[in-house]
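In the order they appear, the protein sequences are chains X and B.
For the first sequence, this note's numbering begins at 23 and goes up steadily by one.
For the second sequence, this note's numbering begins at 23 and goes up steadily by one.
Cβ atoms here follow ideal geometry from the backbone N, Cα and C, with glycine treated the same way.
Number of protein chains: 2
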Amino acid sequence: MTDSSDHDRSVTLLQEFGLKEYEAKAFVALTRLPSGTAKQVSEISEIPRTRVYDAVRTLESDGLVEIQHSSPQQFRAVSVTEATNTLQQAYEERTESLREALGSLGRANRETESDTTHEVWSLSGTAGITSRTRELVESADRELVLVLGDPSLFTGPLVEGLQAADGRGVTVLVGTTTDRIRARVQDELPTAEVFVSELDWLSGVSPDDDTEIGRLLLADRSAILVSTFHPQATDRQEQAVFGRGFDNGLVTVARRLMATGLSPMEDPGSSD
Amino acid sequence: MTDSSDHDRSVTLLQEFGLKEYEAKAFVALTRLPSGTAKQVSEISEIPRTRVYDAVRTLESDGLVEIQHSSPQQFRAVSVTEATNTLQQAYEERTESLREALGSLGRANRETESDTTHEVWSLSGTAGITSRTRELVESADRELVLVLGDPSLFTGPLVEGLQAADGRGVTVLVGTTTDRIRARVQDELPTAEVFVSELDWLSGVSPDDDTEIGRLLLADRSAILVSTFHPQATDRQEQAVFGRGFDNGLVTVARRLMATGLSPMEDPGSSD
DNA sequence: GGCTCTGTTAACCCGAAGAATCACAACACG
DNA sequence: CGTGTTGTGATTCTTCGGGTTAACAGAGCC
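Here it is in structure tokens:
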């Protein structure tokens with residue numbers, strides 16, 4: 023059972039690493055064999071035999087298989103660890119190159135810097151939202167109010183970020199959905215105030231509204247990030263809206279909504 | 023000057039991360055802008071204006087850009103660090119999944135284990151060859167003979183591997199091309215014997231033979247790896263041949279060639 | 001030595017995905 | 001109220017990858 027599912031999963035993943043379908047299939051076929059001929063590979067992988075050679079050759083030049091030039095030729099996949107290491111390293115190098123190239127990119131600046139009062143931006147994807155969350159946590163000066171709708175969002179790096187913020191004097195308030203989670207969070211953040219949120223809004227308002235609030239972050243009462251989960255949609259996972267600026271409408275609303283339980287923050291208006 | 027080259031490099035790299043051409047172009051365009059409308063993006067990126075929307079939307083769901091739903095819509099790229107982190111993380115997760123899926127793959131074992139006497143395998147790509155080199159170094163019991171044709175192949179991880187081998191009692195012999203490199207290597211491997219190789223074979227034999235030997239590794243006198251560089255070929259970089267087994271023809275030849283300067287190894291035939 | 005069969009390479013065909021264009025509705029603005 | 005701009009959808013064109021077939025070479029057999 024794990025056979026076929028892992029098989030297909032491997033093929034798909036390999037393709038996401040830039041391999042063509044035949045290359046991916048050939049590689050997993052060879053991974054299951056100590057070594058094999060074109061014929062054997064063709065039978066297992068359902069690649070037309072005459073095309074096994076091309077696929078295997080490009081795999082060889084990627085360092086993923088070895089070829090024995092006999093007749094018939096023998097093919098052999100490198101070990102799983104060797105293969106994944108090779109791939110991982112390739113993509114780390116690419117990330118580095120990309121960082122470099124994008125960084126030294128000439129800015130075509132037309133200063134369209136309008137006031138941020140009414141700007142509300144949307145972004146999607148847990149990865150991107152997490153990244154933005156981290157940025158907000160790291161740049162907070164005075165106060166962080168964070169409510170997690172899903173405990174899985176309470177990750178290690180986030181804890182570290184909150185601890186660091188706490189360490190530099192930021193007031194950290196964390197809301198959770200259940201007391202069980204509250205206890206766990208409180209355990210990891212002893213100096214923070216951790217509470218169980220009363221918010222009904224974690225579940226949808228109308229019956230056919232199955233959106234759930236994922237996270238909710240108010241930083242220095244001047245930046246707000248709210249994310250939701252839409253389970254029904256096949257494509258989109260986590261969606262978020264994001265606003266910045268003390269006078270921003272969304273921020274104002276969030277501030278009001280959260281006013282209950284917030285102690286007055288000294289000199290609220292002087293932040294940039 | 024760095025403008026256009028880095029621009030194109032970014033686009034290409036982004037595409038290697040799975041983005042479509044329009045998505046890649048749109049992202050770099052937005053990276054050069056604090057924020058922009060479809061029209062602006064279209065002008066900078068040379069994407070037809072009507073297709074900017076699709077591209078940006080999928081970028082948004084990848085967490086790479088933010089959208090402001092006003093009229094006209096405003097688009098904004100996340101910071102370079104946010105973007106590269108997001109991408110890197112995505113590929114690290116994929117690597118992990120792949121390792122897992124490939125690892126738990128049911129082996130369709132037909133025991134085709136012939137003797138390795140005459141098997142000579144070829145593999146290409148510096149990454150794969152490096153990986154195989156490491157494996158050989160790590161699994162060596164008694165002796166390692168290594169000759170590097172190119173100093174750039176003498177990397178940190180390789181040094182560590184050699185030191186570890188040395189530490190567990192393996193005799194390590196390293197050959198270099200110049201005395202300068204010899205000194206450097208000797209410095210990092212005090213207990214190893216480092217020598218300047220006399221080998222003429224590092225440069226081609228015939229005039230039109232511009233292949234250069236990259237590395238040459240004999241492990242326990244029972245496994246050999248020889249790699250060469252072919253500078254003229256546009257596609258292939260480093261190529262290698264690889265043989266295993268004490269009786270392997272290639273290994274035998276290598277052993278003979280290297281016999282000069284090798285002290286007799288006790289009980290050479292008893293290794294499997 | 002000729003013949004056949006298998007292994008290997010290469011060329012070709014076709015369909016899907018993506019790039020480019022167009023047509024049109026909605027909206028903002030004067 | 002009309003004109004230009006903005007956003008969405010449908011349509012054509014091109015490219016690339018998957019699939020098939022043919023040609024070639026070599027080994028073994030008769």
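Own chain partners of residue i with C-beta closer than 7 Å, once the 5 adjacent residues on each side are dropped
i	result
Ala48 (chain B)	Val63, Ser67, Ile69, Val74, Ala77, Val78 and Leu81
Val207 (chain X)	Phe176, Val196, Thr198 and Val216
Leu109 (chain X)	Phe39
Glu43 (chain X)	Gln37
Lys11 (chain X)	Chain X is shown only over 23 to 294; residue 11 (chain X) falls outside these bounds and no answer can be derived.
Ala187 (chain X)	Val159, Ala162, Leu166 and Val194
Beta-carbon proximity list for residue i, same chain, < 8 Å, skipping 5 on both sides
i	result
Gly58 (chain X)	Ala51, Leu52, Ile66, Gln96, Phe97 and Arg98
Ser144 (chain X)	Gln261, Ala262, Val263 and Phe264
Thr250 (chain B)	Thr233, Glu234, Ile235, Gly236, Glu260, Gln261 and Ala262
Arg204 (chain B)	Thr198, Val216, Phe217 and Val218
Spatially closest choice to residue i from the options, by CA coordinates
i	options	result
Val248 (chain X)	X:Thr72, X:Pro94 and X:Val263	X:Val263
Pro212 (chain X)	X:Thr193, X:His140 and X:Thr200	X:Thr193
Arg116 (chain X)	B:Arg237, B:Val33 and B:Thr233	B:Val33
Leu127 (chain B)	X:Val273, X:Pro56 and X:Arg266	X:Pro56
Glu122 (chain X)	B:Gln111, B:Ala105 and B:Ala123	B:Ala105
Ala112 (chain B)	B:Gly85, B:Thr155, B:Ser27 and B:Asp188	B:Gly85
Arg54 (chain X)	X:Val102, X:Leu41 and X:Ser83	X:Val102
Gly171 (chain B)	B:Leu239, B:Ser83 and B:Arg164	B:Leu239
His252 (chain X)	B:Ser83, B:Asp28 and B:Leu41	B:Ser83
Ser26 (chain X)	B:Ser93, B:Val218 and B:Arg129	B:Arg129
Burial state of residue i (16 or more Cβ within 10 Å)
i	result
Glu202 (chain B)	For the record, residue 202 (chain B) in the displayed sequence is Arg; it is not Glu. Answer is exposed; the Cβ neighbour count stays below 16.
Leu279 (chain B)	exposed
Gly125 (chain X)	exposed
His91 (chain B)	exposed
Glu220 (chain X)	exposed
Ala149 (chain X)	buried
Asp30 (chain B)	exposed
Ala276 (chain B)	buried
Gly147 (chain B)	buried
Glu141 (chain B)	buried
Asp289 (chain X)	Confidence at Asp289 (chain X) is low in this model, with a pLDDT of 48, below 50, so the placement of that residue should be treated as unreliable; the coordinate-derived value is given next. Classification of Asp289 (chain X): exposed, given that the 10 Å Cβ count is below 16.
Ala245 (chain B)	buried
Gly191 (chain B)	exposed
Gly267 (chain B)	buried
Gly271 (chain B)	exposed
Gly189 (chain B)	exposed
Short Cβ contact (8 Å threshold) for residue i with residue j
i	j	result
Glu215 (chain B)	Val181 (chain B)	no
Val159 (chain B)	Leu184 (chain B)	yes
Asp269 (chain X)	Ala162 (chain X)	no
Asn107 (chain X)	Ser153 (chain B)	yes
Arg156 (chain X)	Pro179 (chain X)	yes
Val100 (chain B)	Glu114 (chain B)	no
Same chain, Cβ closer than 6 Å to residue i, neighbours up to 5 away in sequence not counted
i	result
Leu35 (chain B)	none
Glu133 (chain X)	For Glu133 (chain X), the predicted model reports a pLDDT of 48, less than 50, meaning its position is unreliable; a value from the coordinates is still stated below. Nothing meets the Cβ criterion.
Ala46 (chain B)	Val33, Leu36 and Gln37
Ile151 (chain B)	Ser249, Glu260 and Ala262
Leu168 (chain X)	Val196 and Leu239
Heavy atom of the ligand COA within 7 Å of residue i beta-carbon
i	result
Arg278 (chain B)	Within the structure as shown, the ligand COA is missing, as the structure has no ligands at all.
### Task
Tell me the start and end of each unbroken beta strand (DSSP E) in the region 151 to 231 of chain B that is at least 3 residues and wholly inside, in chain order.
Runs of the beta strand (DSSP E) spanning 3 or more residues and lying entirely within the region 151 to 231 of chain B occur at 165 to 170, 193 to 198 and 215 to 218, in chain order.
### Task
Ignoring anything shorter than 4 residues or poking outside the region 36 to 83 of chain X, list the alpha helix (DSSP H) runs there in chain order.
For the region 36 to 83 of chain X, whole alpha helix (DSSP H) runs of length 4 or above, ordered along the chain, are 43 to 53, 60 to 67 and 71 to 83.
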